[in-house]
Amino acid sequence: MIWCHSIIIRWADRMSAVTPNEDVFYALGLFRGCFDKRELEASEAQNWQILQFCKDAHIDAKVYLASYKTQLEWMEHYGSKWELIKERKDEFDPKRLLSPGHKIFN
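In case it helps, our numbering puts the sequence shown at residues -19 to 86.
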């Protein structure tokens, strides 16, 4: 497990990376060894339980390398940056050819 704090002024607003709406936030990285599919699925389920706990407790949490299944989940993930993400997609990938599997824009 890695636990570190970051000061928001180090992050440029124009970056597409999302951070909580706080001056200081903490990053927590969980690195687990999974040796078979069952362990991997259990680990992923536990990660989603942790995120659900944060949501229920109104703790603003963001996921690095997110794998959401709906556009609404992606909109919640990007929050106030959603419009910026859409504008950049329109500008740099107007035909929606890149990353269709993420289901962000389809």
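C-beta: ideal position from N, C-alpha, C; glycine also.
Rounded C-alpha distance that separates residue i from residue j
i, j, result
"Trp28", "Arg12", "14 Å"
"Tyr58", "Lys69", "13 Å"
"Asp73", "Thr(-1)", "24 Å"
"Trp54", "Tyr48", "6 Å"
"His82", "Tyr44", "14 Å"
"Asp3", "Ser79", "32 Å"
"Phe5", "Ala(-3)", "14 Å"
Limits of the unbroken alpha helix (DSSP H) element including residue i
i, result
"His57", "51 to 58"
"Gln27", "Reading off the sequence shown, one finds Asn at residue 27, where the question assumed Gln. Here the alpha helix (DSSP H) through Asn27 covers 17 to 36."
"Asp73", "Note, Asp73: premise wrong, no alpha helix (DSSP H); not H, not E."
Own chain partners of residue i with C-beta closer than 8 Å, once the 5 adjacent residues on each side are dropped
i, result
"Met(-19)", "Confidence at Met(-19) is low in this model, with a pLDDT of 48, below 50, so its placement is unreliable and no value can be given for it."
"Gln32", "none"
Sequence-distant residues of its chain with Cβ nearer than 6 Å to residue i (five each side left out)
i, result
"Leu20", "Cys14"
"Ala46", "His57"
"Glu71", "none"
Residues near residue i by beta carbon distance below 7 Å, same chain, minus five either side
i, result
"Arg76", "Phe85, Asn86"
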